[in-house]
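Participant: Input: one structure, supplied below.
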Amino acid sequence: MSNDSQKIKPKKKVSVGVMLGFGFGVLILFSCIMVFIALNRVSEINASLSQINDINALAQRYAINFRGSVHDRAIAVRDVVLIDSEDTKGLQQLLEQIATLEKFYKEAEDNMKEKFINTNLLDEKELSILQAIEATQAKSIPLIVQISQAKLAGDSQKAYNLLKTLSPYFTQWLAEINQFIDYQEDTNSALTAELRSDVNEFRIVLLVLLALSVIFGVIVAIVIIRSLLRLLGGEPHIASQIISKIANGNLSESVAYKGEDSMLSSIATMQEKLKEIVEFITRSSNQINEVALKVSQISNQAQDAARTQMQSSTQVADRIGQMNKAVIEVSNIAQQTEENSTKSVEISTKGVEIINITAEEIGKITEMISSSAENIRGLQQQSVEIGGSASLIAEIADQTNLLALNAAIEAARAGEHGRGFAVVADEVRKLAERTASTTAEIANMIKLIQDGIGTSVDAIEAIVPQIDKGQKLIMDSVQTLEEIQNQAQDSLQKAKVVASSSSQQEDTMQSISNDMQGISTLSQETSLSLENANKAISELRNISDSLKNYMAYFKI
Numbered sequence: 001m002s003n004d005s006q007k008i009k010p011k012k013k014v015s016v017g018v019m020l021g022f023g024f025g026v027l028i029l030f031s032c033i034m035v036f037i038a039l040n041r042v043s044e045i046n047a048s049l050s051q052i053n054d055i056n057a058l059a060q061r062y063a064i065n066f067r068g069s070v071h072d073r074a075i076a077v078r079d080v081v082l083i084d085s086e087d088t089k090g091l092q093q094l095l096e097q098i099a100t101l102e103k104f105y106k107e108a109e110d111n112m113k114e115k116f117i118n119t120n121l122l123d124e125k126e127l128s129i130l131q132a133i134e135a136t137q138a139k140s141i142p143l144i145v146q147i148s149q150a151k152l153a154g155d156s157q158k159a160y161n162l163l164k165t166l167s168p169y170f171t172q173w174l175a176e177i178n179q180f181i182d183y184q185e186d187t188n189s190a191l192t193a194e195l196r197s198d199v200n201e202f203r204i205v206l207l208v209l210l211a212l213s214v215i216f217g218v219i220v221a222i223v224i225i226r227s228l229l230r231l232l233g234g235e236p237h238i239a240s241q242i243i244s245k246i247a248n249g250n251l252s253e254s255v256a257y258k259g260e261d262s263m264l265s266s267i268a269t270m271q272e273k274l275k276e277i278v279e280f281i282t283r284s285s286n287q288i289n290e291v292a293l294k295v296s297q298i299s300n301q302a303q304d305a306a307r308t309q310m311q312s313s314t315q316v317a318d319r320i321g322q323m324n325k326a327v328i329e330v331s332n333i334a335q336q337t338e339e340n341s342t343k344s345v346e347i348s349t350k351g352v353e354i355i356n357i358t359a360e361e362i363g364k365i366t367e368m369i370s371s372s373a374e375n376i377r378g379l380q381q382q383s384v385e386i387g388g389s390a391s392l393i394a395e396i397a398d399q400t401n402l403l404a405l406n407a408a409i410e411a412a413r414a415g416e417h418g419r420g421f422a423v424v425a426d427e428v429r430k431l432a433e434r435t436a437s438t439t440a441e442i443a444n445m446i447k448l449i450q451d452g453i454g455t456s457v458d459a460i461e462a463i464v465p466q467i468d469k470g471q472k473l474i475m476d477s478v479q480t481l482e483e484i485q486n487q488a489q490d491s492l493q494k495a496k497v498v499a500s501s502s503s504q505q506e507d508t509m510q511s512i513s514n515d516m517q518g519i520s521t522l523s524q525e526t527s528l529s530l531e532n533a534n535k536a537i538s539e540l541r542n543i544s545d546s547l548k549n550y551m552a553y554f555k556i
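Residue numbers for the sequence shown follow the UniProt record's numbering, beginning at 1 and rising by one.
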């Protein structure tokens, strides 16, 4: 899975957008070139047409006006010469016609100067022709005026002679005007031929650019289609069908592709990875379900064990409570033993005092012997009672030892949870053994006391027949009483030890009881935690089942 999780670095390739952008960019470039050339050619054609229509044609029109005016004036001047001088009205009409034609010529001349000569739109040849026209005009106008004046003066012969002189000027004038008109026609013809050549050339250029655009467009289309097919690894509708099947969860279809770096190859790789992932998730879901089932069973067993442990802890706590009561009773008995030992010490002390008084007042020994015998009998009775108390302490110690053994057995059954309690039970057992040992020592001492008391009784009873030996027996009695006092002191100390140990046993048992309550509480918490764990395991199984249902969507 580590290799599958590694990211695959794709090779750097030209994207579809770049290829399409490049192809359409080149086509747009060709289109821009075509438009630029077309605009340039159209601009040239427009300039040529403007030259033909707006300049040459207009100049030619003004020249034609020149020619019409000159031609008509030539006819009018001829008519003036030929008309009868007496026909004043006809002559006047002809003169007015000549003036009108001159005015018409003047307007055309002014327009020519304003629009062409002053704006420098004419070339040198055109200017030279116009200058020649103006020179001929300057020669002709005075002759026309002279002819008009001569005719008005009635001198027809002079008018006729002037007409002969004017006639070549009219011919030259018209020739120069026709030369200007022909030059404009030749210029227009040249421009028209050039315009046709440009149009034909432009047509060829457009056809060539169109052919290049079509060829390059086809090449770009082929390259893009091949690149797309190489990138896709097959036809787009096949890729769409495969992706649709994968989206519908069908991972069993095999993917045929061309090229290891194609999209269909990536789809095939993705399909295999998805198939592996689905199989892995399905296996994992089954394993999770099995593990959850096992954990649930183990958790149920642990929960049952926790309940059993909780019940055992409760029982042990009850037994410890009973042991605590027994220890309290042992403590009370130990306190009573301590009190009895204290009384024994007091009695032995009094006995010593009495013996001392007996030694000082030997005369009163008979009376005091009876009293001492009674006291010794009472002491014997008390020693018997102390012996019974010691036996009771021994029985309690044995019972405590037995309870400690039972507690240790219960702790061993509890296993790991009862280890601490086993240590406490062992300490209780040791304390019970020490109590039993101490009680045995007390019993031995009490037996010694009882033996001593018996000896004292025998001695006192022997004093009555042997009064002469009273002093010696009294001294023996003093020594014996001192030993009794020492033994009583020792018994008192040991009784205090027993009482202290019993008190410690009581505290220890109380601590054990508290610990067992804690164990019981912990068992309850453990049981609750196991219940929560069972719930979590159940939720995990539900999640696993849901995951399996989701994975069932895929067909492997």
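The C-beta atom is built at its ideal place from N, Cα and C for all residues, glycine as well. These numbers were taken from a predicted model, which means no experiment stands behind them.
1) Once DSSP output is grouped into helix, strand and coil, what is the label at N118?
2) Can you confirm whether the segment 123-141 touches the segment 167-178 when touching is taken to mean that 3 or more C-beta pairs between the two stretches lie within less than 8 Å?
3) Would F22 and V220 qualify as a contact pair, given that the criterion is a beta-carbon distance under 9 Å?
4) According to DSSP, is N248 helix, strand or coil?
5) I'd like the span of the alpha helix (DSSP H) that includes D72, first residue to last.
6) Label K494 either buried or exposed according to how many other C-beta atoms from any shown protein chain fall within 10 Å of its C-beta, with 16 as the threshold for buried.
7) Counting Cβ pairs, one atom from each stretch, are 3 or more of them under 8 Å apart for the segment 392-412 and the segment 425-437?
8) Please report the straight-line C-alpha distance between D186 and V205, rounded to a whole angstrom.
9) Among Q322, K151, I37, I144, whose alpha-carbon lies nearest the alpha-carbon of I83?
10) Figure out for me which residue from Q92, K89, E107 has the closest Cα to the Cα of F66.
11) Within a Cβ cutoff of 7 Å, which residues of the same chain sit near K7, ignoring the five residues on either side of it in sequence?
12) What residues in its chain sit with their C-beta under 8 Å from that of N549, if we drop five residues either side in the sequence?
13) Under DSSP, the alpha helix (DSSP H) around K125 begins and ends at which residues?
14) Tell me whether D87 sits in a helix, a strand or coil according to DSSP, three-state version.
15) Taking V80 as the reference, which of I328, T308, S148, S265 has the closest Cα?
16) Where does A193 land, buried or exposed, given buried means 16+ other C-beta within 10 angstroms?
17) Is the distance from the Cβ of residue 576 to the Cβ of I144 below 9 Å?
18) Are the segment 93-104 and the segment 114-125 touching, with three or more C-beta to C-beta distances below 8 Å?
19) Hey, is the segment 530-542 in contact with the segment 266-278, meaning 3+ C-beta pairs nearer than 8 Å?
20) Nearest-angstrom Cα distance between I446 and Q479?
21) Drop a sphere of 10 angstroms on the beta-carbon of Q301, count the other beta-carbons inside from all chains shown, and report buried for 16 or more, exposed for fewer.
22) For E109, count neighbouring Cβ atoms within 10 angstroms of its own Cβ and tell me buried if that reaches 16, exposed if not.
23) Which class does A239 belong to by DSSP, given the choice of helix, strand or coil?
24) Should A47 and Q184 be called a contact, given that it needs their Cβ atoms to be closer than 9 Å?
25) Report the residue from K275, Q510, Y62, L212 whose alpha carbon sits nearest the alpha carbon of M551.
26) Could you tell me the distance, in whole angstroms, from the CA atom of G154 to the CA atom of I141?
27) So, at 6 Å on beta carbons, what are the nonlocal neighbours of M34 in its own chain, with the 5 sequence-adjacent residues on each side left out?
28) Check this for me: beta carbons of N542 and Q303, under 9 Å apart or not?
29) Could you tell me how far apart the beta carbons of T435 and I393 are, in whole angstroms, since I believe they sit closer than 8 Å?
30) So, with DSSP's three-state summary, where would you put D426?
31) Below 8 Å on the Cβ atoms is my contact criterion, and I expect L547 with I281 to pass it. Report the Cβ-Cβ distance as a whole number of Å.
32) Using DSSP with H/G/I as helix, E/B as strand and the rest coil, what is A99?
33) Measuring straight from C-alpha to C-alpha, what distance separates E346 and Q487?
34) When you compare only the Cα positions, how much space is there between R230 and S285?
Facilitator: Reading from the atomic positions:
1) coil
2) yes
3) yes
4) coil
5) 57-82
6) Flag for K494 reads buried.
7) yes
8) 28 Å
9) K151
10) Cα-wise, what sits closest to F66 is E107.
11) Note on K7: pLDDT 43, under 50, position unreliable in the model; the coordinate value appears next. The answer is none, since no qualifying residue turns up.
12) none
13) 124-152
14) coil
15) S148
16) exposed
17) Residue 576 cannot be examined here, being either before or after the span of the chain that is shown, 1 to 556.
18) The way I'd put it, the segment 93-104 doesn't touch the segment 114-125; fewer than three beta-carbon pairs between them come closer than 8 Å.
19) no
20) Each residue's Cα considered, the two are about 18 Å apart.
21) exposed
22) buried
23) Residue state, collapsed to three classes: helix.
24) no
25) Answer by Cα proximity: K275.
26) 20 Å
27) L209
28) no
29) 7 Å
30) D426 falls in the helix class under three-state DSSP.
31) Right, the Cβ-Cβ distance comes to about 6 Å (below 8 Å), so this counts as a contact.
32) helix
33) 12 Å
34) 40 Å
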